[in-house]
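Numbering (this note's numbering), first residue to last: 1 to 74.
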């Protein structure tokens with residue numbers, strides 16, 4: 001896996017490469033994408049995380065994050 005470049009990490013967010021600061025948490029990433037945490041599910045490296053896990057989960061170089069919008073219907 002490539003090294004961190006100039007204090008930035010490369011993540012894959014919904015399949016697309018994105019560079020972020022090296023100290024970003026999953027909660028900060030969700031906020032930077034303007035996502036309402038009440039309306040999304042998050043998978044980090046194929047593991048579904050509870051919303052209360054996001055703030056303390058520091059992202060690592062090469063992590064794969066999937067934001068999944070929850071849609072209710074009848």
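We treat Cβ as the ideally placed atom computed from N, Cα and C, and that holds for glycine.
Just so we're clear, the structure is a prediction, and the values are computed from it rather than from any experiment.
- CA-to-CA, the gap between residue 73 and residue 51 works out to about 22 angstroms.
- When DSSP states are grouped into helix, strand and coil, residue 31 belongs to the helix group.
- Residue nearest to residue 24 within the set 56, 67, 70 is 56 (criterion: CA-CA distance).
- Rounded to the nearest whole angstrom, the C-alpha separation of residue 69 and residue 12 is 17 angstroms.
- Distance from the CA of residue 36 to the CA of residue 62, rounded to the nearest whole angstrom, comes to 24 angstroms.
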